[in-house]
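The structure under discussion appears below in the form of structure tokens.
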Amino acid sequence: MKTRDLSELAVRNLREAVLRNSLTTLGVAVGVASLVAMLSLGVGLQTLASQRLTRSGLFDAIFVVSQHTFQGPRRAQAPDSSPKKEARVLDDAAWHQLTQLANVKEVYPQIRFITDVRFGGKSLSTSVLGLPDSSKSSGAFEGMTGKYFSSSGADEAILHVEFGKELADPPSSLIGKDLTLRYAERSSLPQTAAAYSSFLSDMMSGSIPSGLAITPREKTLRIVGIIESDPSAGFGGFGGARVFLPLQTAEQLHVAQPNDLQAIISAGASGATYTALTVRVRSPKDVPQIEAEIKKLGFSTFSLLDATKSLRLVFTVFDLFLGLFGSLALTVASLGIINTLVMAILERRREIGILKALGATDRDVRSLFFAEAGAMGLFGGIFGVALGWLIGSALTWGTTIYLRRQDLPGVKISYVPWWLALGATGFAIVVSLVAGLYPASRAARLNPVDALRYE
Amino acid sequence: MVPVTPLLKAERVSREYRLGEAVIRAVNEVSLTVQKGEFLALLGSSGSGKSTLLSLLAGFDRPTSGAIRLRDRNLSELNAEELARYRRDTVGMVFQSFNLLPRMTLEENVELPLRLAEIDRQARAARVEEALARVGLAPRKRHRPSELSGGEQQRGALARALVNRPEILFADEPTGNLDSTNGEQILLLLREIQDSLGMTVVMVTHERPLAEKFANRIALLSDGRLISNGVPG
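Chains A and B, in that order, are what the protein sequence lines are.
Heads up, the working numbering is the position in the first sequence plus 4, with the first residue counted as 1.
Heads up, the working numbering is the position in the second sequence plus 115, with the first residue counted as 1.
The structure is reproduced here in structure tokens:
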């Protein structure tokens with residue numbers, strides 16, 4: 005029998021026992037819906053986590069330090085057998101060199117320093133961090149009180165809420181007010197001091213070609229925002245800061261860094277040097293290759309790529325279990341299909357006999373039952389995907405309401421990608437066809453004489 | 116005048132059924148020849164084996180022993196698919212209880228053998244129309260079997276049996292569920308089809324008068340055996 009005729013007959017047969025077939029199809033739909041809802045939850049959470057972590061800059065960032073100042077944990081775990089290169093200082097030349105590497109999106113220095121913050125007669129010591137423009141899209145500033153920096157060189161500050169509480173209550177009242185930073189500025193050593201440096205040189209029996217001067221300075225900044233989360237992890241390295249400035253503003257302060265003296269003593273750098281540079285790459289998959297290239301240049305590196313791999317592993321196992329639980333419902337639904345089709349054979353025994361008497365082959369009869377099972381799978385699959393999407397959307401909606409009540413931004417925890425929709429529908433069809441195997445072959449084997457005798 | 120060209124031949128055909136330890140021989144070593152274009156009546160009382168013999172000749176069942184040959188082809192040696200094709204292309208079947216599918220209209224019932232034979236849709240409509248016109252049911256084509264009388268249903272079943280233009284038309288007690296008037300009309304129709312199309316008709320009946328009135332030849336069966344085989348009267 006031609007496929008079109010087969011399909012027409014199958015649909016006609018399904019329509020005739022509409023209630024029973026609808027209930028069976030609904031069973032398949034519920035099974036598919038549970039599968040889709042669970043997997044969409046898994047996919048949604050994974051997507052959410054990946055997006056958040058990627059935007060946080062944790063997984064596309066490589067932290068580069070001079071080998072003088074930092075020995076990365078990777079080095080400790082897997083000793084580099086290659087010949088040791090001479091340690092290099094992180095200066096402007098190194099910065100430029102890192103910028104030229106393929107697939108590098110941006111390179112910026114990590115400017116972090118301890119300073120006194122003066123506000124309303126209070127003086128508190130805290131950690132300050134310069135943030136690059138790209139931190140704006142990290143997600144850390146979603147739901148912040150106030151706004152992000154107006155420009156990359158603005159004399160503005162964003163405070164962590166805990167620090168804000170130490171300055172005023174409520175912290176939001178700080179927005180629009182000024183605070184003063186008191187910090188140590190680094191500058192080139194004047195000529196007379198160079199002579200003193202020469203003296204030091206003699207004392208240490210070494211060669212110091214240059215030196216630096218430390219001068220106390222003050223800088224007034226306008227408070228523009230209060231933030232609850234810590235945006236510094238990926239963008240500024242490790243350890244929380246409590247006052248955040250635009251990176252360019254922080255650079256212009258020329259704050260003395262712990263590495264300044266060490267750089268002068270051990271490598272003889274004459275220009276600006278940096279404690280650490282953050283290299284952000286285009287995709288997390290580029291991290292290992294670029295990290296290796298940077299090491300070849302004579303720097304130490306650290307990235308959180310291994311953590312990403314672990315995260316993927318966790319989500320894969322999570323998805324697997326969600327899929328298994330979802331499939332259980334579909335398995336129960338497939339028993340419904342078997343039951344419906346076996347009952348149909350009993351009820352339609354005479355019809356099968358007539359078809360065979362009229363010349364239907366075993367294959368025609370088998371195909372007809374297969375087509376009916378497949379149709380239930382197809383309709384159940386489509387309806388199930390829609391139902392699963394609705395359940396997922398309801399979960400997202402409920403979660404968003406809950407989060408908003410906690411003054412947190414809403415998130416999409418359920419996501420049905422096209423491959424899940426197609427895969428679940430295909431899976432429903434396959435399960436239905438497998439469920440139809442036994443009834444179909446039983447129907448095909450019926451002897452026309454026996455079938456026609458059946459009342 | 117009936118030509119004497121053998122079309123279908125049963126050679127010492129037996130069909131046994133097992134019921135526990137007992138073996139029931141429904142058809143016992145029957146040898147019979149069906150000539151092309153004749154109207155043969157298989158006559159016998161209930162349980163004589165006439166319907167079983169018809170099932171074997173129509174390819175619904177296989178004999179336990181013996182051979183059934185369509186010309187030189189032994190039906191017993193055909194596989195399931197070939198036997199289905201024989202039923203589809205060579206045989207038309209009319210049952211006592213009509214056996215129209217209740218969910219389909221008359222038109223769809225008649226179209227069913229054409230669907231199974233994978234005939235093109237355009238050709239189907241004309242052939243269905245022609246078959247229904249032959250039995251006088253063209254105006255009732257959109258009706259379901261439940262909306263037709265017994266005689267109309269049997270005529271519809273006859274149209275379905277004819278639509279594939281078979282060589283042999285088998286009828287198993289075609290008048291069994293009909294009153295005498297309708298029964299006679301059906302047999303007149305069968306006779307008319309035999310005459311006009313030159314079709315071979317094999318009919319099972321237990322009504323001797325009908326067999327004698329319409330058949331060219333009567334084969335009498337009793338307890339599974341062929342008792343007599345000859346021209347009526």
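Every residue, glycine too, gets a C-beta built ideally from N, C-alpha and C.
Source: prediction; values computed, not measured.
Any chain B beta carbon closer than 8 Å to residue i
| i | result |
| --- | --- |
| VAL453 (chain A) | yes |
| THR365 (chain A) | yes |
| ALA428 (chain A) | no |
| GLU351 (chain A) | no |
| LEU450 (chain A) | no |
| ARG24 (chain A) | no |
| ARG16 (chain A) | yes |
| ASP9 (chain A) | yes |
| GLU355 (chain A) | yes |
| MET347 (chain A) | no |
Beta-carbon proximity check, residue i vs residue j, cutoff 8 Å
| i | j | result |
| --- | --- | --- |
| THR282 (chain A) | ALA97 (chain A) | no |
| LEU178 (chain A) | GLY168 (chain A) | yes |
| ILE341 (chain A) | LEU105 (chain A) | no |
| VAL185 (chain A) | LYS126 (chain A) | The displayed chain sequence assigns Leu, not Val, to residue 185 (chain A). No, the Cβ-Cβ distance between LEU185 (chain A) and LYS126 (chain A) is not below 8 Å. |
| LEU305 (chain B) | VAL316 (chain B) | yes |
| ILE230 (chain A) | LEU163 (chain A) | yes |
| LEU345 (chain A) | PHE373 (chain A) | yes |
| LEU172 (chain B) | LEU221 (chain B) | no |
| ALA448 (chain A) | ARG353 (chain A) | no |
| LEU302 (chain B) | THR290 (chain B) | yes |
| VAL382 (chain B) | ILE183 (chain B) | Because chain B in this structure spans residues 116 to 348, residue 382 (chain B) falls outside the shown range and cannot be described. |
| ALA137 (chain B) | GLY164 (chain B) | no |
| GLN101 (chain A) | TYR278 (chain A) | no |
| ASP204 (chain B) | ALA232 (chain B) | yes |
| ASP287 (chain B) | SER166 (chain B) | yes |
| LEU185 (chain B) | LEU134 (chain B) | no |
| ILE386 (chain A) | VAL68 (chain A) | no |
Beta-bridge partners of residue i, as assigned by DSSP
| i | result |
| --- | --- |
| ARG122 (chain A) | A:SER127 and A:THR184 |
| GLY207 (chain B) | B:LEU284 |
| GLY134 (chain A) | A:LEU249 |
| LYS223 (chain A) | A:LEU185 |
| VAL319 (chain B) | B:LEU157 and B:ASP287 |
| VAL149 (chain B) | B:LEU123 |
| TYR152 (chain A) | According to DSSP, which records beta bridges pairwise, TYR152 (chain A) is partnered with nothing at all. |
| ASN189 (chain B) | B:ARG184 |
| GLU131 (chain B) | B:ARG140 |
| HIS164 (chain A) | A:ILE231 |
| TYR112 (chain A) | A:THR282 |
| VAL69 (chain A) | A:ALA280 and A:SER304 |
| ARG190 (chain A) | A:ILE218 |
| GLY345 (chain B) | B:ILE333 |
| ARG340 (chain B) | B:SER337 |
| VAL259 (chain A) | A:GLU189 |
| PHE117 (chain A) | A:VAL132 |
| ASP95 (chain A) | A:THR277 |
Nearest-angstrom Cβ-Cβ length linking residue i and residue j, presumed shorter than 8 Å
| i | j | result |
| --- | --- | --- |
| GLY345 (chain B) | ASN297 (chain B) | Going by Cβ atoms, the distance from GLY345 (chain B) to ASN297 (chain B) rounds to 29 Å, so no, they are not a contact pair. |
| PHE248 (chain A) | TYR187 (chain A) | Incorrect: roughly 15 Å between the Cβ atoms, too far for contact. |
| LEU158 (chain B) | GLY174 (chain B) | Contact flag wrong, Cβ pair sits at about 22 Å. |
| LYS109 (chain A) | ARG284 (chain A) | 5 Å |
Chain A within 8 Å of residue i, Cβ atoms only
| i | result |
| --- | --- |
| GLU245 (chain B) | no |
| ASN143 (chain B) | no |
| PHE175 (chain B) | yes |
| LEU304 (chain B) | no |
| GLU262 (chain B) | no |
| SER170 (chain B) | yes |
| ARG202 (chain B) | yes |
| GLU233 (chain B) | yes |
| LEU134 (chain B) | no |
| GLU327 (chain B) | no |
| ALA195 (chain B) | yes |
| ASN214 (chain B) | yes |
| ARG188 (chain B) | no |
| LEU123 (chain B) | no |
| PRO228 (chain B) | yes |
*Would the region 210-226 of chain B and the region 346-359 of chain A be scored as touching if the rule is three or more Cβ pairs under 8 Å?*
Cβ pair count under 8 Å is three or more, so yes.
*Decide yes or no for the touch test of the region 20-28 of chain A against the region 396-407 of chain A: beta carbon pairs closer than 8 Å, at least 3 of them.*
Judged by Cβ distances under 8 Å, the region 20-28 of chain A makes no contact with the region 396-407 of chain A, as fewer than three pairs qualify.
*At a cut of 8 Å, does the region 148-156 of chain B reach the region 322-337 of chain B through at least three beta carbon pairs?*
In short, these stretches touch, since the Cβ pair count reaches three.
*Say whether the region 218-232 of chain A touches the region 148-162 of chain A, bearing in mind that this needs 3 or more beta-carbon pairs closer than 8 Å, one atom from each stretch.*
Under the 8 Å Cβ criterion, the region 218-232 of chain A counts as touching the region 148-162 of chain A, having at least three qualifying pairs.
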